[in-house]
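J.: Attaching a single structure in structure tokens format; questions to follow.
Protein chains: 2
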Amino acid sequence: MNEQTDIEKNASAEEKIKEAARRVFTQKGYAATRTRDIAEEAGLNLALINYYFRSKEKLFDIIMLEHIQLFVHSIMGLVNDPETTLRQKIEALICHYIDMLVQNPGLPLFVINEINKDPKKLVAKVGVTDMGNSELVIARQWRELAAAKKITINPIHILMNAVSLTIFPFVGSPLIRNRTGIDLEEFNTLMQERKKLIPMWVSGMINLSPSLSKGEGEVM
Amino acid sequence: MNEQTDIEKNASAEEKIKEAARRVFTQKGYAATRTRDIAEEAGLNLALINYYFRSKEKLFDIIMLEHIQLFVHSIMGLVNDPETTLRQKIEALICHYIDMLVQNPGLPLFVINEINKDPKKLVAKVGVTDMGNSELVIARQWRELAAAKKITINPIHILMNAVSLTIFPFVGSPLIRNRTGIDLEEFNTLMQERKKLIPMWVSGMINLSPSLSKGEGEVM
DNA sequence: AATATTTTTAATCATTTGATTAAATTGTTT
DNA sequence: AAACAATTTAATCAAATGATTAAAAATATT
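What follows is the structure in structure tokens.
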């Protein structure tokens, strides 16, 4: 076996293929990606893809798994920390995801797409994120807040909103950028601003109950 | 020429193909769709696709154009109506889009995807939605509100938020439904609720400026 | 009815594409 | 260096796929 005698510089062929596959799959999706595209992107022979990974699909599954893990990775600690408040958890989560999405803007669309193609396949491949039967700290904290403040709104809405506000700008980025004419740098600046704004907005939503919606301070 | 002698019942082959193509393209995307899939879905001979539409791509372009028009259609009247207030416009727009999305839940992902594949292609095919140089009524109304209420937040955020809150739940529906276990009926009920909730939340956001964010009424 | 036109079908083509193979090359071990 | 193992290459395969064609069937026109 070789085990990479080159001090560093060029990664192994296997790693080069994975990197190329990551780029091409993420940008074009599974169906539109040709194994030849990946080989070309990696600057390597076509047959190496089948030599290192048995098939296009096997390679894809590896990339997909990596991407899913980026979503799930390291948030368990966040949402299950008894030392932080609910508000701090929301801020930390949103900050974490925005940082991750700025680094990997193509990720959400890629994942959502493949889930859409076959929703059950994801569960089968990634496995249900089963966290046993112990309730998460964040869930308990929400329950306590909802009880204390008599919050009537369906919490699904709040969850949906936090996710929507955080992720959608990245999904719609090409459209948004195209229509508004803002460039990547401006876009990223906006995303950084949202780290503080989204928790504030979400907090405001929890505050706002339909019965209170006609308060005198309303702008419109 | 025939011109559809059948009183009604079965549509023309051409229309059947378009309907089938709409379904298959929307669900699987361009690359994953085989012309044979469309023929089978339509229950017609494969060659008819190339007989009526010159190629797979031409057929796709037609479907794409229809979908884009669904997005743009009939909103010009809404946003340019001098008789309605800004708040009423937002309510009407969100209501309009939620109704449309309940009918066509696969639309946003399809459109966003194809824009991503090639952002400039969309502009080329659909044509820039050029509304001349006259300012829209909704733009003027926003400008007036912003000036009157000394709103400092970048309006792009507000626009992004309204779009995110309205569209993302449909894009993420398979994921959301999968994780929360709610069925289609429940989901649609939630979307109906959002017709009233989103304008309220958006209004709340405009109200909330960062300097005011630590008001004493905060829930968290 | 006879003829022309349009629509539909089955068969086939040319290319693309995922995968394989056998040989060549490179690296490692003895 | 010889022998062995791992890696890489070029050539090729078989299946899939978008497209075409020529004939048949259906419909319209005269």
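If you're matching them up, the sequences are chains A and B in order.
Our numbering puts the first sequence at residues 1017 to 1236.
Our numbering puts the second sequence at residues 1017 to 1236.
For every residue, glycine included, the Cβ atom is placed at its ideal position computed from N, Cα and C.
Give me, in chain order, the residues of the same chain whose beta-carbon lies closer than 8 angstroms to that of residue 1032/B; leave out the 5 immediate sequence neighbours on both sides.
T.: Counted from its first residue, the second sequence places residue 1032/B at position 16. Counting only residues of its own chain and dropping the five nearest sequence neighbours on each side, residue 1032/B has a CB closer than 8 angstroms to the CB of 1026, 1058, 1059, 1060.
J.: Please report how far the alpha carbon of residue 1099/B lies from the alpha carbon of residue 1118/B, in whole angstroms.
T.: Along the second sequence, read from residue 1 onward, the residue named residue 1099/B stands at position 83. Along the second sequence, read from residue 1 onward, the residue named residue 1118/B stands at position 102. For residue 1099/B and residue 1118/B, the distance between alpha carbons rounds to 28 angstroms.
J.: For residue 1262/A, which residues in chain B fall below 7 angstroms Cβ to Cβ?
T.: For chain A, the structure presents residues 1017 to 1236; residue 1262/A sits outside this window and is missing.
J.: Distance check for residue 1055/A and residue 1028/B, CA to CA, integer angstroms please.
T.: The sequence position of residue 1028/B within the second sequence is 12, counting from 1. The sequence position of residue 1055/A within the first sequence is 39, counting from 1. Those two C-alpha atoms are separated by around 45 angstroms.
J.: Could you tell me the alpha carbon to alpha carbon distance between residue 1185/B and residue 1116/B, rounded to whole angstroms?
T.: As a first step, residue 1185/B is located in the second sequence; it is residue number 169 there, counting from the start. As a first step, residue 1116/B is located in the second sequence; it is residue number 100 there, counting from the start. Distance between the alpha carbons of residue 1185/B and residue 1116/B is about 13 angstroms.
J.: Alpha carbon to alpha carbon, how far is residue 1121/B from residue 1040/B?
T.: On the second sequence, position 105 is the one that residue 1121/B refers to. On the second sequence, position 24 is the one that residue 1040/B refers to. Cα atoms of residue 1121/B and residue 1040/B: separation of roughly 14 angstroms, rounded to the nearest angstrom.
J.: What's the call for residue 1156/B, buried or exposed, on a 16-neighbour Cβ count within 10 Å?
T.: Walking along the second sequence from the start, residue 1156/B turns up at place 140. Exposed: under 16 other Cβ atoms inside 10 Å.
J.: Give a yes or no on whether the C-beta atoms belonging to residue 1190/A and residue 1135/B are separated by under 7 angstroms.
T.: Start at 1 with the first residue of the first sequence, and residue 1190/A comes out as number 174. Start at 1 with the first residue of the second sequence, and residue 1135/B comes out as number 119. Yes.
J.: Could you spell out where the alpha helix (DSSP H) holding residue 1220/B opens and where it closes?
T.: One-based indexing of the second sequence puts residue 1220/B at position 204. Where residue 1220/B is concerned, the enclosing alpha helix (DSSP H) stretches over 1200 to 1223.
J.: So with Cβ pairs under 7 angstroms, would you call residue 1190/B a contact of chain A?
T.: As a working mapping, residue 1190/B is identified with position 174 in the second sequence. It does: the Cβ of residue 1190/B has a partner Cβ on chain A nearer than 7 angstroms.
J.: Does any CB atom of chain B fall closer than 7 angstroms to the CB of residue 1063/A?
T.: Position 47 of the first sequence, counted from the first residue, corresponds to residue 1063/A. Answer no: the Cβ-Cβ gap between residue 1063/A and chain B never drops below 7 angstroms.
J.: Taking a Cβ distance cut-off of 9 angstroms, strictly less, list which residues of the region 1039 to 1062 of chain A are near chain B, in chain order.
T.: 1043, 1044, 1045, 1046, 1047, 1048, 1049
J.: Are the C-beta atoms of residue 1135/A and some chain B residue less than 7 angstroms apart?
T.: In the first sequence, residue 1135/A corresponds to position 119, counting from 1. So, interface residue.
J.: How many angstroms separate the CA atom of residue 1036/B from the CA atom of residue 1133/A?
T.: Counting from one through the second sequence, the residue named residue 1036/B turns up at place 20. Counting from one through the first sequence, the residue named residue 1133/A turns up at place 117. Approximately 17 angstroms between the Cα atoms of the pair.
J.: Grab me the residues of residue 1030/B's own chain with a C-beta within less than 6 angstroms of its C-beta, minus the 5 sequence neighbours each way, in chain order.
T.: Here residue 1030/B refers to the residue found at position 14 when the second sequence is read from its first residue. Excluding residues within five positions, the ones whose Cβ falls inside 6 angstroms are 1068.
J.: Could you tell me the boundaries of the alpha helix (DSSP H) in which residue 1066/B lies?
T.: Mapped onto the second sequence, residue 1066/B falls at position 50. Following the DSSP letters along the chain, one finds residue 1066/B inside the alpha helix (DSSP H) bounded by residues 1063 to 1068.
J.: Between the region 1096 to 1113 of chain B and the region 1173 to 1187 of chain B, do three or more beta carbon pairs fall short of 8 angstroms?
T.: yes
J.: Under a Cβ-count criterion, where at least 16 other Cβ atoms within 10 Å of its own Cβ denotes burial, should residue 1066/B be classed as buried or exposed?
T.: Locating residue 1066/B in the second sequence gives position 50, where the first residue counts as 1. Its Cβ having fewer than 16 others within 10 Å, residue 1066/B is exposed.
J.: The region 1195 to 1223 of chain B: which residues have C-beta closer than 8 angstroms to a C-beta of chain A, in chain order?
T.: 1196, 1198, 1206, 1209, 1210, 1212, 1213, 1216, 1217, 1219, 1220, 1221, 1222, 1223
J.: With C-beta atoms as the reference, is residue 1079/B less than 7 angstroms away from residue 1052/B?
T.: For this step, residue 1079/B is matched to residue 63 along the second sequence. For this step, residue 1052/B is matched to residue 36 along the second sequence. Against a cut-off of 7 angstroms, the Cβ pair of residue 1052/B and residue 1079/B comes out as no contact.
J.: Going along the chain, which residues of its own chain have a beta-carbon closer than 8 angstroms to the beta-carbon of residue 1213/B, five neighbours each way excluded?
T.: As a working mapping, residue 1213/B is identified with position 197 in the second sequence. Here the set comprises nothing.
J.: Check the Cβ-Cβ distances between residue 1132/A and every residue of chain B, and say whether any is below 7 angstroms.
T.: Here residue 1132/A is taken as the residue at index 116 of the first sequence, counted from 1. Output row for residue 1132/A: interface = yes.
J.: At the level of alpha carbons, what is the spacing between residue 1159/B and residue 1165/B?
T.: Start at 1 with the first residue of the second sequence, and residue 1159/B comes out as number 143. Start at 1 with the first residue of the second sequence, and residue 1165/B comes out as number 149. About 10 angstroms.
J.: Grouping DSSP H, G and I as helix and E and B as strand, with all else coil, what is residue 1101/A?
T.: Counted from its first residue, the first sequence places residue 1101/A at position 85. Residue state, collapsed to three classes: coil.
J.: What's the C-alpha gap between residue 1082/A and residue 1091/A?
T.: Here residue 1082/A refers to the residue found at position 66 of the first sequence. Here residue 1091/A refers to the residue found at position 75 of the first sequence. Between residue 1082/A and residue 1091/A, the C-alpha separation is close to 15 angstroms.
J.: Can you list, in chain order, the residues of its chain with a C-beta nearer than 7 angstroms to that of residue 1044/A? Leave out the 5 residues immediately preceding and following it.
T.: Counting from one through the first sequence, the residue named residue 1044/A turns up at place 28. The answer is none, since no qualifying residue turns up.
J.: Should residue 1210/B be labelled buried (16 or more other beta-carbon atoms within 10 Å of its own) or exposed?
T.: Position 194 of the second sequence, counting from 1, holds the residue named residue 1210/B. Looking at its Cβ environment, which holds 16 or more other Cβ atoms inside 10 Å, residue 1210/B is buried.
J.: Which two residues bound the contiguous alpha helix (DSSP H) that contains residue 1185/A?
T.: Here the question's residue 1185/A lines up with position 169 in the first sequence. Looking at the DSSP string, the run of the alpha helix (DSSP H) that includes residue 1185/A is 1171 to 1187.
J.: Near residue 1076/B, what residues of its chain come up, given a Cβ to Cβ distance below 7 angstroms and the 5 sequence neighbours on each side ignored?
T.: Position 60 of the second sequence holds residue 1076/B. If we look at residue 1076/B and ignore the five residues flanking it on each side, its Cβ neighbours are 1041, 1046.
J.: Would you give the residue range spanned by the alpha helix (DSSP H) that residue 1124/A belongs to?
T.: As a position in the first sequence, residue 1124/A is number 108, starting the count at 1. From DSSP, the alpha helix (DSSP H) with residue 1124/A extends over 1123 to 1133.
J.: May I ask you to check if the CB of residue 1116/A is nearer than 6 angstroms to at least one heavy atom of the ligand MN?
T.: With respect to the ligand MN, the structure offers nothing, as it holds no ligand at all.
J.: How should residue 1088/B be labelled, buried or exposed, when 16 other C-beta atoms within 10 angstroms of its C-beta is the threshold for buried?
T.: Here residue 1088/B corresponds to residue number 72 of the second sequence, with the count starting at 1. Exposed is the call here.
J.: Below 8 angstroms between beta carbons is the criterion; list the residues of the region 1069 to 1100 of chain B that meet it against any residue of chain A, in chain order.
T.: none
J.: Given a threshold of 16 other Cβ atoms within 10 Å of its Cβ, counted over all protein chains shown, does residue 1205/B qualify as buried or as exposed?
T.: Translated into the one-based positions of the second sequence, residue 1205/B becomes position 189. Of the residues assessed, residue 1205/B falls on the exposed side of the cut-off, its CB having fewer than 16 other CB atoms within 10 angstroms.
J.: For the region 1103 to 1128 of chain B, which residues have a CB atom closer than 7 angstroms to at least one CB atom of chain A, in sequence order?
T.: So the list reads 1103, 1125, 1128, given in the order they occur along the chain.
J.: Contact check, residue 1176/B vs residue 1217/A under 8 angstroms by CB: the rounded distance?
T.: Mapped onto the second sequence, residue 1176/B falls at position 160. Mapped onto the first sequence, residue 1217/A falls at position 201. Residue 1176/B to residue 1217/A, Cβ: 11 angstroms. No contact.
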